[in-house]
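Asks: Sharing a structure with you now.
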Amino acid sequence: MARNIFAGTAAEVAEDVSGARIPNAVGTVWDGPSGGASQVLDLLSSELTPIAELVANDHGMVPAFWGPDNGSERLWVDFGSGRVALVANNLAERLKSHLEASDPHGDRAAILALLGVPTGIATLAEDGRVTPSQLPEFAGGEQSVSSVNGYVGDVILDAEDVKASPEDHTHTPAQVGSAPADHTHTAEAIGAFPITGGTLDGAVNANATSAFPNIRLGGVSTNLAGGSGSIIAMEDATTVPNATPTSVVQYAEGGRFKLRQRDGKVITPVNMPGTWQPDDYGLAAWSYDLHESSRTPGDRPSEAGRLYLVGVPVRTKTTVSKVSCHVMGFDKPNSTVTSAYMGIYDKDLTRLALTADIKAMFPETHNTGGQMATFNLTNSVSLNPGSYYIAILVKGPGTSVPYLAATNWGSTATTSGAKAADVNGVHRWLQTTSTTLTTLPTSLTMVDMADGMTCYWAGLG
């Protein structure tokens, strides 16, 4: 193959890593940039004399040289600062020569030999058509079409000639077997359920939002108890659910609405009596309803120095940011409280949230009945339905400390005795055996706990 010429232009210079030219630098030529490339020794100078390496001139310019006779169009040179690619600078001349050559690929003569010959390439006459002599004959000799549909000469057929309808034709619904434009269908005819009235059997699989004025489940009665619009009515269940569902099943029994939960419990909603609830006080849950028989003046959690846990049931998923206790009395100006914290633990005694030190936040209290004290958690926490503990830790000597509300189980005492855990394993009241804690641990264990001997009130919200 022909050799290609490289370098010899103002762009090719020998340089060091800083970009400075290197006069009379000696370089090597390679067939690739990688470490596995081979050095190219088949080189010729511009005068066509063999050379084994490149030598820059006094100005650091790389002189022109001819590459190897394998037609390489890209080489890599190294003057000590790493390999740099060079592209042959006679590509433009080669391309121009290729484009101007009469047969650059050497195949035009072969193609021309096939023109106008049998099994070759047909040529066109001056009228742009293939000459008849280049067309094969019919098997039965020369034949021609004498007429089309009885027409001769230049034949043009219209829709009527071929029994077709014209472009502007129309059809009646009856002609194509369709229903007329003003037709209607009943819900039963198309297998759908009606907007009003009727019965739907089977399942409805709807991924889109559907609007129904009213829905009645079971039975045939249309009685909606005088209501209309967005009403759901249901008959008593034919067979009351008695198995454990995977989620929640709702039904009616004896004219009462019921829910069967995944834990197998059946809930029957009832009207709430005229009693106080946590949300009446801005809370989400509490340990019990404070009432007139709560002990006065309460009890001092700092007296024994223990950490007290108060069980609280959470009925619905909620996010809480505060905890509360009820202060029955506190001589704040003479306070001897050294530290105080409240927080929330889950049923496994892992701390979920806590307050900052609240020793200075207890309100001074001297009135009968006391007052609720609410403290912000350092971070909000989302609680799923279940049972949790509210932790109370107050440290300090003497009697100038908060007295907190506690239930009166035995008319004259606040001791509760042993109380069974609920279905979540949470006790109503617990207390640590240790009296040395000064803050709320990140976790506790049951072996460190004892049944609460003082039944404090606490809430969260």
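End of the sequence shown = 476 in the numbering used here, gap-free, step of one.
C-beta: ideal position from N, C-alpha, C; glycine also.
1. If you measure between the beta carbons of Ser402 and Gly467, is that distance less than 7 Å?
2. Closest to Gly50 by C-alpha separation, out of Ser33, Asp73, Pro83, Arg98, would be which residue?
3. To the nearest angstrom, how far is it from the Cα of Asp31 to the Cα of His74?
4. Can you name the residues that DSSP bridges to Ile373?
5. Using the Cα positions of Thr422 and Gly241, report the straight-line distance between them to the nearest angstrom.
6. Less than 7 Å between CB atoms is the rule here; does Ala103 satisfy it with respect to chain C?
7. Is the segment 117-127 touching the segment 138-148, taking contact as three or more C-beta pairs under 8 Å?
8. Between the C-alpha atoms of Gln265 and Gln276, what's the straight-line distance to the nearest angstrom?
9. With three or more beta-carbon pairs closer than 8 Å as the criterion, would you say the segment 337-346 touches the segment 411-419?
10. Just how far apart, CA to CA, sit Gly425 and Asp437?
11. Only counting the same chain, and skipping five residues up and downstream in sequence, which positions put a Cβ closer than 8 Å to that of Gly23?
12. First and last residue of the beta strand (DSSP E) that includes Thr381?
13. Are the segment 448-458 and the segment 364-380 touching by the rule of at least three beta carbon pairs closer than 8 Å?
14. Report yes or no: do three or more beta-carbon pairs, one from the segment 107-119 and one from the segment 28-44, lie closer than 8 Å?
15. Closest to Val462 by C-alpha separation, out of Trp472, Tyr166, Leu445, Thr469, would be which residue?
16. Excluding the five sequence neighbours on either side, which residues of its own chain have a C-beta within less than 8 Å of the C-beta of Ala420, listed in chain order?
17. Excluding sequence positions up to five away, which residues of its chain have a Cβ less than 8 Å from the Cβ of Arg18?
18. Since Val335 and Leu232 should fall inside the 8 Å C-beta cutoff, what is the C-beta to C-beta distance between them, to a whole number of angstroms?
19. How is Ser431 classed by DSSP in three states: helix, strand or coil?
20. If you follow the alpha helix (DSSP H) that Ser87 is part of, which residue opens it and which one closes it?
21. For Glu88 and Ser112, what's the separation of their Cα atoms in angstroms?
22. In this structure, how does DSSP classify Leu68 when only helix, strand and coil are distinguished?
23. Mapping DSSP to helix, strand and coil, what is Pro328?
24. In chain order, what residues of the same chain lie with their CB nearer than 6 Å to the CB of Pro181, ignoring the 5 residues before and after it?
25. Here's the rule I'm using: 16 or more other beta-carbon atoms within 10 Å means buried, otherwise exposed. How should Gly165 be labelled?
Replies: From the atom records:
1. no
2. Arg98
3. 13 Å
4. For Ile373, which the question treats as bridged, DSSP gives no partner whatsoever.
5. 47 Å
6. Considering every chain present, this structure includes no chain C. It has just one protein chain.
7. no
8. 9 Å
9. yes
10. In this prediction, Gly425 has a pLDDT of 45, which is less than 50 and means its spatial position is unreliable; what the coordinates show is noted afterwards. Spanning the two alpha carbons is a distance of roughly 21 Å.
11. Ser61, Val77, Pro78, Ala79, Phe80, Asn104
12. According to the sequence displayed, residue 381 carries His and not Thr. His381 -> no beta strand (DSSP E), and no H or E assigned at all.
13. yes
14. no
15. Leu445
16. Leu305, Ser309, Arg310, Gly313, Cys340, His341, Val342, Met343, Gly385, Tyr471, Trp472
17. Leu59, Trp81, Gly82, Pro83, Asp84, Gly86
18. So it is not a contact: roughly 37 Å between Cβ atoms.
19. Bear in mind that a pLDDT of 49 at Ser431, under 50, signals an unreliable position, so the number given afterwards is only what the model happens to contain. Of the three classes helix, strand and coil, the one that applies to Ser431 here is coil, per DSSP.
20. No alpha helix (DSSP H) contains Ser87, which DSSP labels as neither H nor E.
21. 16 Å
22. The residue asked about is misnamed: residue 68 is Glu in this sequence, not Leu. It is coil, neither helix nor strand.
23. strand
24. Ala174
25. exposed
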